[in-house]
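Residue numbers (the numbering used here), protein chains in the order written: chain F, 735 to 886; chain V, 735 to 886.
Heads up, the beta-carbon is just placed ideally off N, CA and C, and yes, glycines get one too.
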DNA sequence: TGGGTGTTTGACCTTTCCTGACCTTATTAT
DNA sequence: ATAATAAGGTCAGGAAAGGTCAAACACCCA
């Protein structure tokens with residue numbers, strides 16, 4: 735049960751989250767603190783603070799750059815979104831419309847939100863050849879539902 | 735999170751806008767106030783007070799010169815959508831976010847709708863190679879805004 | 001022992017910020 | 001008129017972040 739560097743950094747970030755409700759950090763600083771390559775921070779974010787696990791990250795480059803991690807709120811929608819993301823075969827237009835309709839009916843999506851989503855997920859808007867199109871649609875739907883899970 | 739010089743100047747201008755409905759300033763004065771190069775003001779204007787974000791700037795050179803910044807009126811959704819669709823180069827993530835923010839600020843998009851759109855238009859969600867990615871983003875954004883324009 | 005999974009690094013890239021040298025335009029003094 | 005002066009504009013370039021990706025490494029476990 736060796737504590738890897740990645741684990742240590744994960745705890746570091748979790749502690750910050752616990753204490754302040756959000757974790758704001760500078761990549762180089764954390765890297766220096768743990769004496770590792772800066773890209774190691776990206777690895778930790780990519781493997782542990784993913785949307786599937788209920789985290790949202792935001793960052794800015796350049797002078798005064800930063801990385802911010804926050805917890806996503808309600809668990810139900812993110813789970814639905816995670817399921818969608820794992821739909822490796824992608825999501826057809828018909829299925830997507832059905833999902834949107836169900837979310838709308840149950841109150842998760844407003845009338846306008848549902849309409850907007852449906853418009854964006856159309857075949858002719860995505861306009862990609864078929865294996866990729868359904869995959870993209872799945873990613874879009876997942877991103878949309880996930881984003882709602884984080885309140886605000 | 736470090737406030738950069740550009741951020742500080744942005745706030746300065748926003749405060750003026752908030753207070754007087756417009757911001758009229760002299761480039762050298764502001765530069766002196768923040769102890770920076772005058773061209774820094776142009777940088778702030780070029781990156782933050784753009785048409786995409788709903789600002790209009792006007793200026794005059796020579797003696798008695800000035801810079802004036804005002805908020806633009808409410809954008810017309812169908813026209814915005816048409817412009818987006820015809821953007822031959824596509825739409826970068828930065829521009830897309832700016833457009834969404836502007837529509838949100840002007841009341842066309844609700845908070846949740848803006849959040850959802852921003853999440854869907856991210857690079858890593860679209861996940862396509864670069865010429866196509868920006869084109870797809872343009873189509874998605876246009877479809878979304880247009881769908882709302884229809885409902886009126 | 002060999003293959004798979006997860007970790008770590010380093011080289012290279014993109015974005016953002018900020019300045020300084022040089023240019024253009026308007027006003028004012030001669 | 002012309003020259004001096006007083007604005008603002010442009011652009012290239014350097015510095016300061018964070019991002020990406022492939023390759024090397026490490027640790028299981030059949």
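Beta-carbon proximity list for residue i, same chain, < 6 Å, skipping 5 on both sides
i: residue 759 of chain V; result: 801
i: residue 883 of chain V; result: 811, 812
i: residue 886 of chain V; result: In this prediction, residue 886 of chain V has a pLDDT of 47, which is less than 50 and means its spatial position is unreliable; what the coordinates show is noted afterwards. Contacts found: none.
i: residue 827 of chain V; result: 857
Any C-beta of chain V under 8 Å from that of residue i
i: residue 848 of chain F; result: no
i: residue 873 of chain F; result: yes
i: residue 883 of chain F; result: no
i: residue 861 of chain F; result: yes
i: residue 755 of chain F; result: no
Spatially closest choice to residue i from the options, by CA coordinates
i: residue 854 of chain V; options: F/879, F/861, F/767; result: F/879
i: residue 836 of chain V; options: V/788, V/821, V/775, V/777; result: V/788
i: residue 783 of chain V; options: V/825, V/832, V/767; result: V/832
i: residue 780 of chain F; options: F/803, F/768, F/797; result: F/803
i: residue 684 of chain V; options: V/785, V/881, V/807, V/740; result: Given that chain V is displayed from residue 735 to residue 886, the structure contains no residue 684 of chain V and the question cannot be resolved.
i: residue 874 of chain V; options: V/808, V/797, V/830, V/750; result: V/830
i: residue 823 of chain V; options: V/786, V/843, V/866, V/770; result: V/866
i: residue 876 of chain V; options: F/877, F/858, F/827; result: F/858
i: residue 736 of chain V; options: F/794, F/848, F/864; result: F/794
Residue range of the unbroken alpha helix (DSSP H) whose run includes residue i
i: residue 790 of chain V; result: Segment 789-794 is the beta strand (DSSP E) holding residue 790 of chain V; no alpha helix (DSSP H) there.
i: residue 751 of chain V; result: 739-754
i: residue 812 of chain V; result: 811-819
i: residue 839 of chain V; result: 827-839
i: residue 824 of chain F; result: Run containing residue 824 of chain F: none; DSSP gives neither H nor E here.
Buried or exposed (CB count within 10 angstroms, at least 16 for buried), residue i
i: residue 815 of chain V; result: buried
i: residue 834 of chain F; result: buried
i: residue 762 of chain F; result: exposed
i: residue 792 of chain V; result: exposed
i: residue 785 of chain F; result: buried
The beta strand (DSSP E) enclosing residue i, as first and last residue numbers
i: residue 805 of chain F; result: 800-805
i: residue 718 of chain V; result: An answer regarding residue 718 of chain V cannot be provided, because it is not within the stretch 735 to 886 covered by chain V.
Heavy atom of the ligand HEM within 7 Å of residue i beta-carbon
i: residue 777 of chain F; result: Among the components of this structure there are no ligands whatsoever, and the ligand HEM is therefore not found.
Close beta carbons around residue i, own chain, < 7 Å, minus the five adjacent residues each side
i: residue 744 of chain F; result: 778, 782
i: residue 881 of chain V; result: none
i: residue 852 of chain V; result: 831, 834
Any C-beta of chain F under 8 Å from that of residue i
i: residue 793 of chain V; result: no
i: residue 856 of chain V; result: yes
i: residue 736 of chain V; result: yes
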